[in-house]
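Residue numbers (the numbering used here): 64 to 502.
The structure is reproduced here in structure tokens:
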């Protein structure tokens, strides 16, 4: 079976193949070309490969499914482990936060207790400072008087500078705690290439509360210093006034009070409520102020002031020539030049024990100041008080005149102690020394 057509394949001519099919009387033929043979070969190859792949898949399917399930199981376990680790980390962080919060709350409670203690002390100290101010130890603006040692009033400082832990103070602390600024690296750490760990909430709390505690301790120390200074000043002032009273043989109030207190006292012994040093210092200050107030009150009730400030002295205390008899006589007071009708005020508060015409005194007023001391004001043109009246230094007791044994308008001023006339100059000189302690 040869064909008239020939083809060249790879440099050679290939003969075409003819396929003859006979069935009975019928004969059929088909030319088999090369490309048809190649196509049939490819088809057979593809079919064989697909068959082999399908067979391999069916054989290996169970293994592939098992491997896939195992891989998924491993991934699931890995995720579960990761979730468990993250949950444990969250629990640790939560526990640390709770611990830090508890630490902060404990520190805040301690600071609040210290704050309340300082506030309570401040209330007690305010009362004592008011008493010290009224006693002349401090001025209203917090500056000490010129005669005392230089101290600083602490009352304004407590109100303005104390570390407040209520309201805005706690908010400020929480704001600082919330700031996550890490600690700065020191030069040594930088040299060693060491990076410090970030500052935790607990570390920030320790640092902040340490600063607040130091501030409160500073306030407490200032209070102690102020109390000690006031106690010393009050003691010095009381001693100065007491020395003057002793020189005039006037009983010092604390000695009288001590004798009276020992007369009728008693009761079971009970331990003191608190042994706190600050409370003891407050008690010492209270005692010093009480003593100062007692001696100061006594000094203010006595005639240590000049009843005629700026007036000329026309006749001093002592022996002089009597203006009417012309012979030597004792002048029992001091004469001050006054204008007719000029107002006369007492040199100290007291009670009027005599008011009216009294012999050579003319119109005279006598004021009792206690402790056996009284003052007399004579030759007045008019008496404006009556017996039994209580008068102060600002009250007008009469008007200047020239009644009784008088040669002209003036004020005759006497100071009597236990009924005897004493030189008023002694009292007025002592008053100059007490000017910084009494009003």
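Quick reminder that beta carbons are idealized off the backbone N, C-alpha and C, glycines included. These numbers were taken from a predicted model, which means no experiment stands behind them.
TODO: List the endpoints of the continuous beta strand (DSSP E) containing residue 383.
DONE: From DSSP, the beta strand (DSSP E) with residue 383 extends over 381 to 384.
Task: 9 Å Cβ cutoff met for residue 381 and residue 444 - done: no
- [ ] Report buried or exposed for residue 307, applying the criterion of at least 16 other Cβ atoms within 10 angstroms of its Cβ.
- [x] buried
Task: Straight-line gap, residue 230 to residue 286 (C-alpha atoms, nearest Å) - done: Any reading at residue 230 must be qualified, since the residue scores a pLDDT of 41, below 50, and its modelled position is unreliable; the value itself is stated next. Roughly 24 Å separates the two Cα atoms.
- [ ] With residue 426 as the anchor, note down where its beta strand (DSSP E) starts and where it stops.
- [x] 426 to 433
Task: Cβ-Cβ distance between residue 417 and residue 383 below 9 Å - done: no
Task: Neighbourhood of residue 470 by C-beta, 7 Å cutoff - its chain only, sequence neighbours within 5 removed - done: 386
Open item on the list: Let me check one thing: in DSSP terms, what residues is residue 399 bridge-paired to?
Closed with: Residue 399 is bridged to 376 and 474.
Task: Coil, strand or helix - residue 108 by DSSP - done: helix
Open item on the list: Relative to the C-alpha of residue 478, which candidate in 463, 441 and 464 has its C-alpha closest?
Closed with: 441
TODO: Starting from residue 135, follow its DSSP beta bridges and name the residues at the other end.
DONE: Paired residue(s): none; residue 135 is not in a bridge.
TODO: Compute the Euclidean distance between the alpha carbons of residue 156 and residue 176, then round it to the nearest angstrom.
DONE: Those two C-alpha atoms are separated by around 30 Å.
Open item on the list: For residue 475, which residues in the same chain have their Cβ closer than 6 Å to its Cβ, ignoring the five residues on either side in sequence?
Closed with: 396, 398, 441 and 442
- [ ] Give the straight-line distance between the Cα atoms of residue 190 and residue 355, rounded to the nearest whole angstrom.
- [x] When the Cα atoms are used, residue 190 and residue 355 turn out to be separated by approximately 15 Å.
- [ ] Using 10 angstroms around the beta-carbon of residue 304, count the other beta-carbons present and answer buried if the total reaches 16, otherwise exposed.
- [x] buried
Open item on the list: Does the CB of residue 147 have a neighbour CB from chain C at under 9 Å?
Closed with: Going by chain labels, chain C is absent from the structure shown, which holds only one protein chain.
- [ ] Look at the alpha carbon of residue 197 and the alpha carbon of residue 360, and state the distance between them as a whole number of angstroms.
- [x] Those two C-alpha atoms are separated by around 11 Å.
TODO: Have a look at residue 412 and residue 281 and give me their C-alpha separation to the nearest angstrom.
DONE: 45 Å
- [ ] Please classify residue 92: is it buried, with 16 or more other beta-carbons within 10 angstroms of its beta-carbon, or exposed?
- [x] Taking all protein chains in view, the Cβ of residue 92 is surrounded by fewer than 16 other Cβ atoms within 10 Å, so the residue is classified as exposed.
Open item on the list: By the DSSP assignment, the alpha helix (DSSP H) with residue 359 in it spans what residues?
Closed with: Per DSSP, the continuous alpha helix (DSSP H) segment holding residue 359 begins and ends at 340 to 363.
Task: As assigned by DSSP and simplified to three states, the class of residue 81 - done: strand
Task: Residue of 331, 392 and 294 minimising C-alpha distance to residue 346 - done: Nearest option by C-alpha distance: 294.
TODO: Would you check if the region 491 to 498 and the region 447 to 463 touch, i.e. whether three or more CB-CB distances between them fall below 8 Å?
DONE: Flag = no, the region 447 to 463 and the region 491 to 498 do not touch.
Open item on the list: DSSP three-state label for residue 121, please.
Closed with: helix
TODO: Report the residue from 491, 333 and 392 whose alpha carbon sits nearest the alpha carbon of residue 369.
DONE: 491
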